[in-house]
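Below: one structure, written as structure tokens.
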Amino acid sequence: MPTPQTLFDPPRRPRPPRAAKRAALVATDPGLSEKALLVHRRLCPVYGCPISYFHALDPLSELVSSLLSHRTRNADSGRAFKALRSRYPGWEDVIAAPTAEVEEAIHGVRWPEQKAPRIQSSLRAVKDRTGTLSLDFLAEMSVDAARAWLQEIPGVGPKTSAAVLSFSVLRMPALPVDSHHHRVAQRLGLIGPEVEVGPSHPILRAQLPADWSAQDLYDNHEVLMLHGQKICHHRAPACGACVLADICPSAFAVR
Ligand code: SF4
Numbered sequence: 269m270p271t272p273q274t275l276f277d278p279p280r281r282p283r284p285p286r287a288a289k290r291a292a293l294v295a296t297d298p299g300l301s302e303k304a305l306l307v308h309r310r311l312c313p314v315y316g317c318p319i320s321y322f323h324a325l326d327p328l329s330e331l332v333s334s335l336l337s338h339r340t341r342n343a344d345s346g347r348a349f350k351a352l353r354s355r356y357p358g359w360e361d362v363i364a365a366p367t368a369e370v371e372e373a374i375h376g377v378r379w380p381e382q383k384a385p386r387i388q389s390s391l392r393a394v395k396d397r398t399g400t401l402s403l404d405f406l407a408e409m410s411v412d413a414a415r416a417w418l419q420e421i422p423g424v425g426p427k428t429s430a431a432v433l434s435f436s437v438l439r440m441p442a443l444p445v446d447s448h449h450h451r452v453a454q455r456l457g458l459i460g461p462e463v464e465v466g467p468s469h470p471i472l473r474a475q476l477p478a479d480w481s482a483q484d485l486y487d488n489h490e491v492l493m494l495h496g497q498k499i500c501h502h503r504a505p506a507c508g509a510c511v512l513a514d515i516c517p518s519a520f521a522v523r
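For the sequence shown, the working numbering begins at 269 and goes up steadily by one.
In structure tokens form, the structure reads like this:
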């Protein structure tokens with residue numbers, strides 16, 4: 269059974285010195301920046317950049333949505349989010365509700381027994397720290413500062429903080445990395461084999477132009493994620509149908 273920490277963002281494990289050194293090398297290799305751009309340019313026509321945003325939620329709602337979505341199909345987390353919104357008039361009511369009732373409302377997601385108390389504690393943390401139930405103030409902060417603020421909430425790590433800034437109506441230039449995105453980046457050699465999802469965030473962001481817009485970074489995340497879902501499957505990737513096969517060190521080598 270995963271712990272609440274592993275549920276919402278990958279656990280931070282101490283990294284062996286050699287792996288840390290390799291991660292630093294990946295982050296600063298200009299050849300990898302060129303490759304990351306090439307990957308983006310090849311995948312964008314395939315998946316249709318600019319890609320429409322799938323949400324237009326305020327950032328606090330996006331935080332709840334993101335907490336619901338971990339290891340859960342989009343359709344199921346979307347239904348659970350709607351169930352919460354229809355059962356409770358406001359997020360204040362979710363905090364005040366019996367946890368078992370919140371758990372029942374979100375029963376269609378994976379691990380509702382862990383997500384219900386996590387959602388309540390995250391909402392409570394926002395209220396305790398700001399006096400309100402809103403994250404709209406993040407719009408006035410830099411991306412790094414906003415992400416650091418969010419990651420002080422227990423259970424919120426790099427993926428969730430980037431999702432809140434990128435997917436919500438804030439539309440801030442942050443790069444989320446989910447498991448599909450991470451797998452494709454690893455197979456392409458953009459990140460080393462030991463680099464986990466959490467630590468991959470700054471490495472993959474650093475490979476892309478610093479002045480990229482929120483839409484550019486969103487597109488980058490989406491095309492890599494979609495490629496992982498449709499072609500570069502966890503098992504038996506369809507390398508024969510992949511537009512990246514000639515630049516991929518893992519082509520035809522993964523079963
Ligand atoms: S060539 Fe194969 S392993 Fe490499 S990115 Fe494409 S599908 Fe994935």
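Note that CB positions come from ideal geometry on N, CA and C, so glycine has one too.
Quick caveat: nothing in here was measured; it's all calculated off a predicted structure.
Could you check if Gln400 is buried or exposed, using at least 16 other CB atoms within 10 Å of its CB as the buried criterion? Reading the sequence as shown, one finds Thr at residue 400 and not Gln. So Thr400 counts as exposed.
Hey, how far is the Cα of Lys427 from the Cα of Ala373? Their backbone Cα atoms lie some 24 Å apart in a straight line.
Using the beta-carbon count (16 or more within 10 Å), is Leu367 buried or exposed? This sequence places Thr at residue 367; Leu is not what is there. That one is exposed.
If you measure from the CB of Cys312, is any heavy atom of the ligand SF4 nearer than 8 Å? Incorrect: Cys312 has no Cβ contact closer than 8 Å to the ligand SF4.
Ala504 (DSSP reduced to helix, strand or coil): Residue state, collapsed to three classes: coil.
Return the CA-CA distance between Gln483 and Pro517, expressed in angstroms with no decimal places. Cα to Cα, the separation comes out at about 29 Å.
Range of the contiguous alpha helix (DSSP H) that encloses Arg346: The sequence given here has Gly at residue 346, not Arg. Looking at the DSSP string, the run of the alpha helix (DSSP H) that includes Gly346 is 342-355.
Relative to the ligand SF4, is the shortest distance from any of its heavy atoms to the C-beta of Pro505 smaller than 8 Å? Checking every heavy atom of the ligand SF4 against the Cβ of Pro505, one is found closer than 8 Å.
Comparing alpha-carbon positions, which option in Asp396, Leu494, Ile471, Leu433 lies nearest Ser447? Across the set Asp396, Leu494, Ile471, Leu433, the C-alpha of Leu494 shows the shortest separation from the C-alpha of Ser447.
Cβ-heavy atom distance between His323 and the ligand SF4 below 8 Å? Not so, every heavy atom of the ligand SF4 lies at least 8 Å from the Cβ.
Close beta carbons around Val411, own chain, < 7 Å, minus the five adjacent residues each side: Excluding sequence neighbours, Val411 sits near Leu433, Met440, Pro441, Ala442.
So does Ala513 have its beta carbon nearer than 8 Å to some heavy atom of the ligand SF4? At least one heavy atom of the ligand SF4 is nearer than 8 Å to the Cβ of Ala513, so yes.
Pick out whichever of Pro380, Arg378, Pro422 has its Cα sitting closest to the Cα of Ala393. Checked all of Pro380, Arg378, Pro422; the closest Cα to Ala393 is Pro422.
Using only CA atoms, which one of Ala430, Ile471, Gly496 lies nearest to His449? Residue Gly496 is the option with its Cα nearest to His449.
Between the CA atoms of Pro385 and Pro270 - distance to the nearest angstrom: Note on Pro270: pLDDT 41, under 50, position unreliable in the model; the coordinate value appears next. Going from the Cα of Pro270 to the Cα of Pro385 covers about 15 Å.
Take the Cβ of Asp514 as the centre, count every other Cβ of all protein chains shown within 10 Å, and call the residue buried at 16 or more, exposed below. Around the beta carbon of Asp514, a 10 Å sphere encloses fewer than 16 other beta carbons of the protein chains shown; the residue is thus reported as exposed.
Measure the alpha-carbon distance for Ala324 versus Ser436 and round it to whole angstroms. Roughly 6 Å separates the two Cα atoms.
With a CB to CB cut of under 8 Å and the five nearest residues on each side skipped, what residues in its chain are close to Val294? Low confidence applies here, because Val294 scores a pLDDT of 43, under 50, leaving its location unreliable and the question unanswered by this model.
From what residue to what residue does the alpha helix (DSSP H) around Tyr321 run? Premise fails: Tyr321 is in no alpha helix (DSSP H) and is neither H nor E.
Per-residue DSSP class, three states only, for Ala365: Coil, per DSSP.
Own chain residues within Cβ distance below 6 Å of Val332, not counting five before or after: For Val332, where only same-chain residues beyond five positions count, the Cβ hits under 6 Å are Ile387.
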